[in-house]
Each structure stands twice: as structure tokens, then as C-alpha cells.
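Using our numbering, read the sequence shown as starting at -6 and increasing by one per residue.
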Amino acid sequence: PLGSGGGGRKFFSRLSSQLPLAALVFALAGGAAAQESPPLEQALRGKDPEALARAALEEGNPPRGAIVYHQPQLACARCHEGEAAEVPVGPDLAKPAERLGGAYYVESILHPSKIIRKGFEAAVVLLKDGTVVTGLPVQDGPDELLIREAPSGQRRVAIRKEDILRREAAGQSIMPEGLGNQLGNEQ
């Protein structure tokens, strides 16, 4: 986190070395101003992702982005960094698996389910008692499946394999749609 002996500074130093990603996160650091119709995310979806990424590179504000990234209601840090010994429920944004263009990160925020990175595919599990559990499988043992439940990824659910009626891919990201609407503008 930001205030833990420089850990936040190290994180954002690593993040800023990934310019397209860092600029996007920082550039989308809007205030809490009320939105007029249409919502911000809808307006941004109508724009060219490459142009938004270029604007992010040119106008991004790293300190403001760090504040937004760590806001609890957005859950960016909680999901992408994880808690203490937990596996993150989203990819590490400071260490992308490959160099991806800025447009990829714009689209990932505006359309979270468009491309789901390998290892972060959610599952829907139907139990014999009719219960449905949706989340990220974090352990798949011979007798038990452990899922971090969506959308928050906070609750862990241990499911005995013998209780599973059906398991399938969710087909959508556990990152919720509409996070862009919680930003005040597209700075």
C-alpha cells in the first residue's frame, strides 16, 4: 500500500515504467464531480482507445492516479495486488505478461470481459443443493475446489467436489463493468 515504508512508491515506480498502463491508470484519475448524462464510461466507449491512451501518456498525473488506484470503492489495489498471502484476483498491473499497447488497458477498463487473461477466468459452480457460486478458482484439489467469490474476491468458499453438479467458465471477468463511471472525468 501507499503508506507502508515506500511500498506504494516502489509499486508506482514499477508501474510508471510500463508507460501505456501507468499513463492510463493515472490519466483516468478523475475527481468525485457529479456526472452529467451520458455517464463517463459511455462517453469514453465512444472514443478511439488509441487516442485515449495517447492522451493518458501526455496528460497523466501519477500522484493523483496513485490515490485513485488505492481508493477502496474502486478495489483496484485489492484485486490487482492482493492481500498479504492471497493470490490476486486480477493480473499484476505493474508486471504485465507481455508489452501491450495503451489501447489494451483502456479497453480492459471500459470492457473488462472483452479479453480475460489466462489464469483469471472466473467459474460458475452449481452445487447439488441448488447453490450457485461464482468466482476465481484458486485451488483445485482432488477432493475440494477453493474459490474466491466474485465480485469482491474477499470471501473464500471451499467446495467439496462430491457436492458439485456442474462447473463451467463464467465467460465474463470478475472485474465489474462501470468502474469508469466512478471517476469524475477523463483527466
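For glycine and all other residues, C-beta sits at the position ideal for the given N, C-alpha and C. Quantities reported herein were computed from a predicted structural model and do not represent experimental measurements.
- Fewer than three Cβ pairs drawn from the region 105 to 112 and the region 134 to 149 lie within less than 8 angstroms of each other, which leaves the two stretches out of contact.
- For P56, the enclosing alpha helix (DSSP H) stretches over residues 55 to 62.
- Taking 8 angstroms as the cut-off, the Cβ atoms of E34 and G134 do not count as close.
- Annotation for E137: the continuous beta strand (DSSP E) segment containing it runs 137 to 142.
- Residue environment for P42: buried (at least 16 other C-beta atoms within 10 angstroms of its C-beta).
- With a cut-off of 8 angstroms on Cβ pairs, the region 155 to 165 is in contact with the region 116 to 123, counting three or more such pairs.
- Taking the CA atoms as reference points, P130 sits about 24 angstroms from G171.
- As DSSP reads the structure, I152 sits in a beta bridge with L138.
- If you compare the alpha carbons of E155, G164, R38 with that of A96, the shortest gap goes to R38.
- If you check the CB distance, P65 and E74 do not come in under 8 angstroms.
- Bridge pairing for Q132: L139 [DSSP].
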